[in-house]
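K.L.:
Supplied in structure tokens, the structure appears directly below.
Residue numbers (my numbering): 38 to 269.
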């Protein structure tokens, strides 16, 4: 099965964007830095420019993820799905499988999500990732094991959490101001309470276990992304 057929098992309308069509993309749909990267014809230089962008945005926060991509990224391509542009990453796992990850192209649509009114309260490092690099970065088949798009973030007060009835200690977060930015696909979330997020402090939230408070958002996210990249 070729790559496109494999992808269409999960996303029926997904298509690759050709170099010719790249020239026709309107600037508001694609930041200039991404256009520059995809215009590069030399494969090695193209990858170097990609890694440089990751380093510019989140070298400190996602150092292990960047190192893994530097060593194991086989290819990356521009894709479009229902008018939304994204980057398809083909990454080699530890057992030599090719895993497909998707990184959304940041656009102004970030600001029209449910979170719009709260976006200014999100920690700067998280805003920087979403605004400058990717609107989410996750395993494409499951849309999990990564940072979800802003519009797919989990607003905790919108859900019924059965685990609340089992907790002995008082709840350490405000559900109305808490958003899950990372999902592992198995009931685990890395969440930020916008009322208590100085120094990127976060909560590790589980649907079937007690939460862990006051963890470092990026330490957990970096570790979990690499776990997924190694063997999703």
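A virtual CB, placed ideally from N, CA and C, is assigned to each residue, including glycine.
#1: Classify residue 207: buried if its beta carbon has 16 or more other beta carbons within 10 angstroms, exposed otherwise.
#2: Below 6 angstroms CB to CB, which residues in the same chain sit around residue 99 once its five sequence neighbours on both sides are set aside?
#3: Is it buried or exposed, residue 74, if we count other Cβ atoms within 10 angstroms and call 16 or more buried?
#4: I'd like to know whether the C-beta atoms of residue 244 and residue 232 end up nearer to each other than 7 angstroms.
#5: Among 205, 126 and 237, which one has its Cα closest to the Cα of residue 174?
#6: From residue 272 to residue 236, what does the alpha carbon distance come to, in whole angstroms?
#7: Below 8 angstroms CB to CB, which residues in the same chain sit around residue 267 once its five sequence neighbours on both sides are set aside?
#8: Once you ignore the five residues that flank residue 242 on each side, which residues in its own chain have a CB closer than 6 angstroms to its CB?
#9: Mapping DSSP to helix, strand and coil, what is residue 242?
#10: In whole angstroms, what separates the C-alpha of residue 92 from that of residue 261?
P.N.:
Judging by the given coordinates:
#1: Burial call: exposed.
#2: 259
#3: So residue 74 ends up on the buried side.
#4: Not a contact, by the Cβ cut-off of 7 angstroms.
#5: Of the candidates 205, 126 and 237, the one whose C-alpha sits nearest the C-alpha of residue 174 is 126.
#6: In this structure the chain extends from 38 to 269, so residue 272 is not present and cannot be described.
#7: If the five residues before and after residue 267 are omitted, its C-beta is found closer than 8 angstroms to the C-beta atoms of 105, 130 and 131, all from its own chain and listed in chain order.
#8: 226, 228 and 248
#9: strand
#10: Roughly 19 angstroms between the two C-alpha positions.
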